[in-house]
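The next block holds one structure in the form of structure tokens; read it before the comments.
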Amino acid sequence: MSMDDESPVDGLMSRLSLIEDQPLETRAAAFTQIHDQLQQQLEGKDAFSRNG
320 MSMDDESPVD
330 GLMSRLSLIE
340 DQPLETRAAA
350 FTQIHDQLQQ
360 QLEGKDAFSR
370 NG
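Numbers 320 to 371, taken from our numbering, label the letters of the sequence shown in order.
Given below as structure tokens:
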């Protein structure tokens, strides 16, 4: 499977795995970034379903 064939879940799991190997302060910032990205995606879909 190439990187282009990677599912969103596989991509998230890969990112989480990489983050787990980092120092604590770096992990905290990286987890915050993932949280913010997921929140934006969910809120965007919620707004679309209300307006669509």
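Even for Gly, the Cβ is constructed at its ideal location relative to N, Cα and C.
Determine the DSSP secondary structure at Met320, reduced to helix, strand or coil. By 1-based counting over the sequence shown, the position of residue 320 is 1. Confidence in Met320 is poor, its pLDDT being 46 and thus under 50, which makes the residue's placement unreliable; the coordinate value appears in the next sentence. If DSSP states are grouped into helix, strand and coil, Met320 belongs with coil.
Measure the C-alpha to C-alpha separation of Pro342 and Ala349 and round it to an integer number of angstroms. Reading the sequence shown from its first residue, position 23 is the one you call residue 342. Reading the sequence shown from its first residue, position 30 is the one you call residue 349. Roughly 11 Å between the two C-alpha positions.
Do Ile353 and Arg346 count as a contact pair if the criterion is CB distance below 8 Å? Within the sequence shown, the letter at position 27 stands for residue 346. Within the sequence shown, the letter at position 34 stands for residue 353. No, the Cβ-Cβ distance between Arg346 and Ile353 is not below 8 Å.
Quick check: what's the CA-CA separation for Leu361 versus Asp340? Locating residue 361 in the sequence shown gives position 42, where the first residue counts as 1. Locating residue 340 in the sequence shown gives position 21, where the first residue counts as 1. Taking the straight line from one Cα to the other gives about 27 Å.
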